[in-house]
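Asks: Can you keep this structure in mind? I'll have questions shortly.
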Amino acid sequence: MATRPFPSLLRLRSSLLPSTPLLALLSLSSLSCRTTKRRLASLHFVPSPPRTVRSLATVTAPPVVVAEDDKYGRKQVISVTPQLYDYILSNVREPPILRELREETATMPGSQMQVSPDQAQLLAMLVQILGAQRCIEVGIYTGYSSLAIALVLPESGRLVACERDVKCLEIAKKYYERAGVSHKVDIKHGLAVESLRSLIQNGESCSFDFAFVDAEKRMYSEYFELLLQLVRIGGLIVIDNVLWHGKVADPQVNDSKTISLRNFNRKILEDKRISTSMVPIGDGMTICQKRADI
Ligand SMILES: C[S@@+](CC[C@H](N)C(=O)[O-])C[C@H]1O[C@@H](n2cnc3c(N)ncnc32)[C@H](O)[C@@H]1O
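Right, dumping it as structure tokens:
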């Protein structure tokens, strides 16, 4: 019989596209092989159990999307069906502590907000590729993505975790403690913009390697400008929900969050201070790297 262990996660995310190849990101590396191996050895992965993904779509999606414009050479791009997303999830190495947090969160209102296991794995990998020591996350919720990052940070690493909801933070703290990473996480309870401004005022500009943005969508531009000051040259700013359940591409949808995200995506495309790549994973993540020549 079909099982559906991730109902909340998949309700909004199952019809979305998968990641594009990420090999080019390896060139970002300032990775130390020895420290990375040590950190990997401290994580215990278990293979994900088989599962079945439910789609919101009433019609089975085709396996590929074909570019209609001849200039793209009839390029075929993979389209994620529920079956294929099931397969992707079965290839994620999710540490047991993250799985427990995801399952506890699945019972809570807003559980669809947490990043998917494949996204969390990508975030953790980017942190490792960078050899990051200092990270920021904007929008913690119950802590799934922040825990994925904290788990791969070195013992001396620090994650500044910005969240306004104290109840969510209680759950996040419980899991940081259980995972033995509390000493790496510096929680900033309050409005994220205020927390980021105070980091700048404290003289921490250009001192962070990695930032992940997953809070109020209409504030993305403000978060981005502050984070661009806080992140060092070569550091990454990763932004979630840039495809906004596909609404950014639908001219019929013009609510304030969709318009904000559309404007934000346009701003990022035109911003010469960064290199950028929009990755169709989860609800869409854009990876930006701060350039030297700004
Ligand atoms: C999409 S959820 C974050 C999910 C999280 N990254 C995860 O994977 O579990 C967004 C979070 O941002 C928080 N948030 C929204 N606006 C905020 C603000 N202005 N300042 C701080 N936190 C905010 C919300 O309370 C919510 O917990």
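When the letters of the sequence shown are read in order and numbered with mature numbering (1 follows the signal peptide of the UniProt record, and there is no 0), they come out as residues -24 to -1, 1 to 270. Glycine residues also receive a C-beta, built at the ideal position from the N, C-alpha and C atoms. Here the structure is a predicted model, which means the values were calculated and not measured.
(1) Report yes or no: do the segment 156 to 168 and the segment 74 to 92 share at least 3 C-beta pairs separated by less than 8 Å?
(2) Pick out whichever of L212, Q228, Y61 and Q95 has its Cα sitting closest to the Cα of I250.
(3) When every heavy atom of ligand 1 is checked, does at least one fall within less than 7 Å of the C-beta of A168?
(4) Under 7 Å: does the beta carbon of A100 sit that close to some heavy atom of ligand 1?
(5) Between which two residues does the alpha helix (DSSP H) carrying A96 extend?
(6) Would DSSP call C182 helix, strand or coil?
(7) Confirm the yes/no value for this check: CB of R140, any heavy atom of ligand 1, distance under 7 Å.
(8) Judging by CA-CA distance, which residue of D216, N230 and L172 is the nearest neighbour of Q205?
(9) Closest to A155 by CA distance: which of H165, L175 and E131 is it?
(10) Mind checking whether the beta-carbon of V91 lies closer than 7 Å to any heavy atom of ligand 1?
(11) Could you tell me which residues DSSP puts in a beta bridge with V229?
(12) Can you give me the start and stop residues for the beta strand (DSSP E) that L135 sits inside?
(13) Heavy atom of ligand 1 less than 7 Å from the Cβ of Y117, yes or no?
(14) Using 7 Å as the cut-off, classify the Cβ of A155 as near or not near the heavy atoms of ligand 1, replying yes or no.
(15) Can at least three beta-carbon pairs, one atom from the segment 218 to 237 and one from the segment 193 to 201, be found at a separation below 8 Å?
(16) In this structure, how does DSSP classify E192 when only helix, strand and coil are distinguished?
Replies: Per the coordinate set shown:
(1) no
(2) L212
(3) yes
(4) no
(5) P93 to L106
(6) coil
(7) yes
(8) L172
(9) E131
(10) yes
(11) Its beta-bridge partners do not exist; DSSP assigns none.
(12) R134 to E139
(13) yes
(14) no
(15) yes
(16) coil
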